[in-house]
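There are 2 protein chains.
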Amino acid sequence: MANPDEAGTNEAAEKPIPAKEVTMKEVAAHAGVALSSVSRVLNDHSDVSESMRKQVLDAIEAVGYEPNLLASSLRRGSTMTVGFIANDISNPLFAEIAMGAERRLNEAGYSMVLTNSEGSPERDEAMIRLLRWRRIDGLILSVADEERAGTLAELAKLSEPVVLIDRQVRGADEASAVLSDHANGMRAAIDHLLDLGHRRVALISGRPGLRPVRERLSGFKAAFRARGLDLPEDLLKLDSFSATFGQQATHELLAADDPPTAIVAGGNLLLTGVLRALQAAGRTVGADISLVSCDDVPLTELHSPPITVIDRDAVQMGEAAAELLLKLLAGGEGPLVTEIPTSLIRRASTQPGPAG
Amino acid sequence: MANPDEAGTNEAAEKPIPAKEVTMKEVAAHAGVALSSVSRVLNDHSDVSESMRKQVLDAIEAVGYEPNLLASSLRRGSTMTVGFIANDISNPLFAEIAMGAERRLNEAGYSMVLTNSEGSPERDEAMIRLLRWRRIDGLILSVADEERAGTLAELAKLSEPVVLIDRQVRGADEASAVLSDHANGMRAAIDHLLDLGHRRVALISGRPGLRPVRERLSGFKAAFRARGLDLPEDLLKLDSFSATFGQQATHELLAADDPPTAIVAGGNLLLTGVLRALQAAGRTVGADISLVSCDDVPLTELHSPPITVIDRDAVQMGEAAAELLLKLLAGGEGPLVTEIPTSLIRRASTQPGPAG
DNA sequence: TGTGTTACTGGAAACGTTGCCAATACGCTG
DNA sequence: CAGCGTATTGGCAACGTTTCCAGTAACACA
Numbered sequence: 001m002a003n004p005d006e007a008g009t010n011e012a013a014e015k016p017i018p019a020k021e022v023t024m025k026e027v028a029a030h031a032g033v034a035l036s037s038v039s040r041v042l043n044d045h046s047d048v049s050e051s052m053r054k055q056v057l058d059a060i061e062a063v064g065y066e067p068n069l070l071a072s073s074l075r076r077g078s079t080m081t082v083g084f085i086a087n088d089i090s091n092p093l094f095a096e097i098a099m100g101a102e103r104r105l106n107e108a109g110y111s112m113v114l115t116n117s118e119g120s121p122e123r124d125e126a127m128i129r130l131l132r133w134r135r136i137d138g139l140i141l142s143v144a145d146e147e148r149a150g151t152l153a154e155l156a157k158l159s160e161p162v163v164l165i166d167r168q169v170r171g172a173d174e175a176s177a178v179l180s181d182h183a184n185g186m187r188a189a190i191d192h193l194l195d196l197g198h199r200r201v202a203l204i205s206g207r208p209g210l211r212p213v214r215e216r217l218s219g220f221k222a223a224f225r226a227r228g229l230d231l232p233e234d235l236l237k238l239d240s241f242s243a244t245f246g247q248q249a250t251h252e253l254l255a256a257d258d259p260p261t262a263i264v265a266g267g268n269l270l271l272t273g274v275l276r277a278l279q280a281a282g283r284t285v286g287a288d289i290s291l292v293s294c295d296d297v298p299l300t301e302l303h304s305p306p307i308t309v310i311d312r313d314a315v316q317m318g319e320a321a322a323e324l325l326l327k328l329l330a331g332g333e334g335p336l337v338t339e340i341p342t343s344l345i346r347r348a349s350t351q352p353g354p355a356g
Numbered sequence: 357m358a359n360p361d362e363a364g365t366n367e368a369a370e371k372p373i374p375a376k377e378v379t380m381k382e383v384a385a386h387a388g389v390a391l392s393s394v395s396r397v398l399n400d401h402s403d404v405s406e407s408m409r410k411q412v413l414d415a416i417e418a419v420g421y422e423p424n425l426l427a428s429s430l431r432r433g434s435t436m437t438v439g440f441i442a443n444d445i446s447n448p449l450f451a452e453i454a455m456g457a458e459r460r461l462n463e464a465g466y467s468m469v470l471t472n473s474e475g476s477p478e479r480d481e482a483m484i485r486l487l488r489w490r491r492i493d494g495l496i497l498s499v500a501d502e503e504r505a506g507t508l509a510e511l512a513k514l515s516e517p518v519v520l521i522d523r524q525v526r527g528a529d530e531a532s533a534v535l536s537d538h539a540n541g542m543r544a545a546i547d548h549l550l551d552l553g554h555r556r557v558a559l560i561s562g563r564p565g566l567r568p569v570r571e572r573l574s575g576f577k578a579a580f581r582a583r584g585l586d587l588p589e590d591l592l593k594l595d596s597f598s599a600t601f602g603q604q605a606t607h608e609l610l611a612a613d614d615p616p617t618a619i620v621a622g623g624n625l626l627l628t629g630v631l632r633a634l635q636a637a638g639r640t641v642g643a644d645i646s647l648v649s650c651d652d653v654p655l656t657e658l659h660s661p662p663i664t665v666i667d668r669d670a671v672q673m674g675e676a677a678a679e680l681l682l683k684l685l686a687g688g689e690g691p692l693v694t695e696i697p698t699s700l701i702r703r704a705s706t707q708p709g710p711a712g
């Protein structure tokens, strides 16, 4: 199956070949030139004659040489690789961010290695450490816990540039980041619901330890405050982004004495839990209870009725993160921050409430 | 911010430090032992005294040593890293497969680097080559095109073990793979539709060049043949897995002279396109037209009505792929194949047809 | 013919590890 | 006390690159 004209005549591989690696040395020997010349051709340095270039390229072809990036990186001191630690790749949102980042990085000649912390701070730390030991040139990540000392310590040991996605660590100006404007998105959503006459509005989301939750909460509060309305403290369920929590929280909310007339799901996984619970309770979205979710996914658009969402451009976030990192890699100074806007897409899941 | 007792007294870093790497040499010097002893401690070889171990570990702590995996891999000739090339990470199905694989590989001490070919055969090739140059120990992937010579050539150059996901390359017995039993799943789905009285059943999916499509098609045909029914050739739309194709194909099907009474969407992205088209045409799923999709995602469960799907366990697929690869890495022989079952989940999107 | 310049090429020392082999010290037996 | 095994350690050569520094040849010029 191998190309027959590749190995002379008498080199038919009979024995369990020891699979010796073909190195630049072989190329040099075959071309009858020095090792350094081969290197110069491969990295196209200026000082190589046309004849030398051809000679070497032919030899490379002839012996079937393949570069060893490990050796090269070791010598050069740079891997041209950027790490990306996602909280949860199975979340389509993160996948899009990763895609955006990878595309931009590839354009700039970097490659990206994607890993998954599955939302676990321990894995976060382990991944940061591993990537550091691998000598990546930069890192894009969305830590699972902004306050965890271990994670911060691992990050501090990293001398390469870091860009956070939707996270903020102590002392706002310490780290570069791409941040989405959750506060204004939420503010718009709550204003919309209040306009419709809702007053009992519930918010289900993760722990306020994470920036997106803090921001959403602040937008939520701002909207109530602006109208002089009391905050429905009992309707804040802030504990996790998981579908199961969404389901449980919704179940509890519906069973309460004074249940909400509108629910905001702060996370696209949460939404599936919320919908399951509403369905189980026999409530019809829109008619019985209004619903807003975060991030536009197929489910929100195709649900009956379609679900109002606070949207943002995930691919753009990834691109922006890559852009910042590239600036830092090029020697750019200080913490850089890009803010990504959010926008409210009104759909039929939000209907006039009791006072509307 | 750095630990103050870390650098003697007079080493306060004032200047733009050249960021010299702390190596085993520094550790050895600080501990007053040989380089090789440090290495022995780090790889916990048997022949190290307790005192030596402590001495070295203390020195490591003191100088803040961090292993260089590049150097280590170069020397050892093994990276303990497995590559994973996904067709499309933003497809939640692939994300789950990747998660399953990574989990299993990590248990075995390997780490996984995930990359994304975005369904492009060119990127496929480029990624295989890059990973090969990086000297990965093994590869899990789902090639974008089973027949493309370039991809096969790149794979052939790889001397490390490979496991395919739901793909089959020429000569069934040439490559290890995890294959899902699409044929039986589709057979069950079509039997279900035929039982309900449907005869005009459409299938929308990717190109038959890919195994999942071939298998689904074969299950589709088998079901019709088994009842002596003619195959509705005009209802086969096999060109792409994208949402836009799903939408377009559905549009065309609905506009035809003798439109289908049931549609099978062969791919979870396709489904969103199909639903958009049905919605645009004002058809109600279940009542007006029956619908079956492949792979259970939140949308299928939470749609109104819920959508009948041919399901399979994606995480299990990933685990199985890792399992096979680990066997091969341990010296296991020959191509290994694991078959993953599919099952039909009946929901309200499939209703009795005209003849039912 | 000698000198300087240009344009290339070769040699060798790194990069940070690991693993082989030889060296050392120790304790014990005969 | 010689001899020998055992347990531990040190030294050194790799792994496959890149890059600096000399060296060489060709050539033009005086």
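The listed protein sequences correspond, in order, to chains B and S. Under this note's numbering, the final residue of the first sequence carries the number 356; numbering is consecutive throughout. Under this note's numbering, the final residue of the second sequence carries the number 712; numbering is consecutive throughout. A virtual CB, placed ideally from N, CA and C, is assigned to each residue, including glycine.
Tell me whether the beta-carbon of B/Glu-215 lies closer than 7 Å to the beta-carbon of B/Ala-183. Taking the first residue of the first sequence as position 1, residue 215 of chain B is located at position 215. Taking the first residue of the first sequence as position 1, residue 183 of chain B is located at position 183. Yes; because the gap between Cβ atoms is below 7 Å, this pair is in contact.
S/Leu-514 beta carbon less than 7 Å from that of S/Ala-531: Reading the second sequence from its first residue, position 175 is the one you call residue 531 of chain S. Reading the second sequence from its first residue, position 158 is the one you call residue 514 of chain S. No, they are not a contact pair.
From this set, B/Leu-275, B/Cys-294, B/Leu-325 and B/Glu-319, which residue's C-alpha is nearest S/His-659's C-alpha? For this step, residue 659 of chain S is matched to residue 303 along the second sequence. Nearest of B/Leu-275, B/Cys-294, B/Leu-325 and B/Glu-319 to S/His-659, Cα basis: B/Leu-275.
Could you give the distance in angstroms between the alpha-carbon of B/Pro-335 and the alpha-carbon of S/Ala-512? Within the first sequence, residue 335 of chain B is the residue found at index 335, counting from 1. Within the second sequence, residue 512 of chain S is the residue found at index 156, counting from 1. Per the coordinates, the alpha-carbon of B/Pro-335 lies some 45 Å from the alpha-carbon of S/Ala-512.
Whose C-beta lies closer than 7 Å to the C-beta of B/Val-358 among residues of the same chain, with five residues either side of it excluded? The first residue shown for chain B is 1 and the last is 356, placing residue 358 of chain B beyond what the model contains.
If you draw a straight line from the alpha carbon of S/Asp-522 to that of S/Ala-558, how long is it in whole angstroms? Taking the first residue of the second sequence as 1, we reach residue 522 of chain S at position 166. Taking the first residue of the second sequence as 1, we reach residue 558 of chain S at position 202. Approximately 23 Å between the Cα atoms of the pair.
In this structure, how does DSSP classify B/Gly-83 when only helix, strand and coil are distinguished? The residue given as residue 83 of chain B occupies position 83 in the first sequence. Looking at B/Gly-83 - three-state DSSP - the assignment turns out to be strand.
Please give the ranges of any alpha helix (DSSP H) in the region 380-466 of chain S, keeping only runs that are unbroken, at least 4 residues long and fully inside the region. Here the runs fully enclosed are 380-387, 391-398, 406-419, 425-432 and 448-463.
For the region 297-319 of chain B, list every residue whose C-beta sits within 7 Å of some C-beta in chain S, in sequence order. Considering only beta carbons, the part of the region 297-319 of chain B lying closer than 7 Å to chain S consists of Pro-298, Leu-299, Leu-302, His-303 and Ser-304, in chain order.
In or out: S/Gly-465 buried (at least 16 other Cβ within 10 Å) or exposed? Counting from one through the second sequence, the residue named residue 465 of chain S turns up at place 109. By the C-beta density criterion, S/Gly-465 is exposed, having fewer than 16 other C-beta atoms within 10 angstroms.
For a contact defined as C-beta to C-beta under 7 Å, what are the partners of B/Pro-92 on chain S? Residue 92 of chain B sits at position 92 when you count from the first residue of the first sequence. At a C-beta separation below 7 Å, B/Pro-92 has these neighbours in chain S: Ser-446 and Pro-448.
Check whether the Cβ of S/Leu-426 lies closer than 7 Å to any Cβ atom in chain B. Translated into the one-based positions of the second sequence, residue 426 of chain S becomes position 70. S/Leu-426 counts as touching chain B.
Check the Cβ-Cβ distances between S/Thr-600 and every residue of chain B, and say whether any is below 7 Å. In the second sequence, counting from the first residue as 1, residue 600 of chain S sits at position 244. Contact with chain B is absent for S/Thr-600, since none of that chain's Cβ atoms lies less than 7 Å from the residue's Cβ.
Can you tell me whether S/Ala-678 is buried or exposed, with buried defined as 16 or more other CB within 10 angstroms of its CB? Taking the first residue of the second sequence as 1, we reach residue 678 of chain S at position 322. With at least 16 other beta carbons inside 10 angstroms of its own, S/Ala-678 counts as buried.
Residues of its chain near B/Val-357, where Cβ-Cβ distance is below 6 Å and the 5 sequence neighbours each way are ignored: Any question about residue 357 of chain B goes unanswered here, given that chain B covers just 1 to 356.
Between S/Gly-709 and the rest of its own chain, which residues show a CB-CB distance below 6 Å, the 5 nearest in sequence each way excluded? Working through the second sequence from its first residue, we reach residue 709 of chain S at position 353. Within the same chain, Leu-552, Gly-553, His-554 and Thr-617 come within 6 Å of S/Gly-709 by CB-CB distance, once the 5 residues on both sides are set aside.
Rounded to the nearest angstrom, what separates S/Glu-458 and S/Ile-445 at their Cα positions? Here residue 458 of chain S corresponds to residue number 102 of the second sequence, with the count starting at 1. Here residue 445 of chain S corresponds to residue number 89 of the second sequence, with the count starting at 1. The straight-line gap from Cα to Cα measures roughly 14 Å.
If the criterion is Cβ atoms closer than 7 Å, does the pair S/Phe-450 and S/Ile-496 meet it? The count along the second sequence starts at 1 and reaches residue 450 of chain S at position 94. The count along the second sequence starts at 1 and reaches residue 496 of chain S at position 140. Going by C-beta atoms, S/Phe-450 is not nearer than 7 Å to S/Ile-496.
Can you list, in chain order, the residues of its chain with a C-beta nearer than 6 Å to that of S/Ala-533? Leave out the 5 residues immediately preceding and following it. Counting from one through the second sequence, the residue named residue 533 of chain S turns up at place 177. Excluding positions up to five away in sequence, the list reads Leu-520 and Val-693.
Interface residues of chain S around B/Pro-67 at Cβ under 7 Å? Position 67 of the first sequence holds residue 67 of chain B. The contacting residues are Trp-489.
With a cut-off of 8 Å on the beta carbons, I'd call B/Asn-68 and S/Met-455 a contact; round off their distance for me. Numbered from its first residue, the first sequence carries residue 68 of chain B at position 68. Numbered from its first residue, the second sequence carries residue 455 of chain S at position 99. At roughly 30 Å, the Cβ-Cβ gap does not stay under 8 Å, so B/Asn-68 and S/Met-455 are not in contact.
What residues in the region 454-484 of chain S have a beta carbon less than 8 Å from any beta carbon of chain B? Shown in chain order are the members of the region 454-484 of chain S whose Cβ falls below 8 Å from a Cβ of chain B: Ala-454, Met-455, Glu-458, Ser-467, Met-468, Val-469, Leu-470, Thr-471, Asn-472 and Glu-474.
Which class does S/Thr-471 belong to by DSSP, given the choice of helix, strand or coil? Taking the second sequence and counting its residues from 1, one reaches residue 471 of chain S at position 115. It is a strand residue.
Look up B/Asp-166 in the DSSP assignment and say whether it is helix, strand or coil. On the first sequence, position 166 is the one that residue 166 of chain B refers to. In this structure, B/Asp-166 counts as coil in the three-state DSSP scheme.
For B/Ala-314 versus B/Gly-273, is the C-beta spacing smaller than 7 Å? On the first sequence, residue 314 of chain B is found 314 positions in, with the first residue counted as 1. On the first sequence, residue 273 of chain B is found 273 positions in, with the first residue counted as 1. With a cutoff of 7 Å on beta-carbon distance, B/Ala-314 and B/Gly-273 are scored as not near each other.
So, S/Ala-427 versus B/Leu-74, is the Cβ gap smaller than 7 Å? Here residue 427 of chain S refers to the residue found at position 71 of the second sequence. Here residue 74 of chain B refers to the residue found at position 74 of the first sequence. Their beta carbons are under 7 Å apart, which means S/Ala-427 touches B/Leu-74 by this criterion.
Assuming S/Ser-699 contacts S/Asp-651 (C-beta within less than 8 Å), just tell me the rounded distance between them. Residue mapping note: residue 699 of chain S aligns to position 343 of the second sequence, counting from 1. Residue mapping note: residue 651 of chain S aligns to position 295 of the second sequence, counting from 1. The pair is not a contact, with the Cβ atoms about 11 Å apart (cut-off 8 Å).
Chain-ordered neighbours of B/Ser-46 on chain S, where CB pairs are closer than 8 Å: To locate residue 46 of chain B, count along the first sequence from 1; it is residue 46. Ordered by position in chain S, no residue passes the 8 Å Cβ test against B/Ser-46, which lies about 24 Å from the chain.
Mapping the DSSP letters down to three states, classify S/Thr-706 as helix, strand or coil. The sequence position of residue 706 of chain S within the second sequence is 350, counting from 1. In the three-state reduction of the DSSP assignment, S/Thr-706 falls in the coil class, being assigned neither a helical nor a strand state.
Let me see if you follow: with CB-CB separation under 7 Å, is S/Leu-631 close to chain B or not? The residue labelled residue 631 of chain S in the question sits at position 275 within the second sequence. Closer than 7 Å: yes.
Between B/Thr-350 and chain S, is the shortest Cβ-Cβ distance under 7 Å, so that the two count as touching? Along the first sequence, one-based indexing puts residue 350 of chain B at 350. Output row for B/Thr-350: interface = no.
So which residues on chain S does B/Ser-240 lean against when the C-beta distance must stay under 9 Å? As a working note, residue 240 of chain B is residue 240 in the first sequence. Those do not exist, as B/Ser-240 stays about 17 Å from chain S at its closest Cβ, beyond 9 Å.
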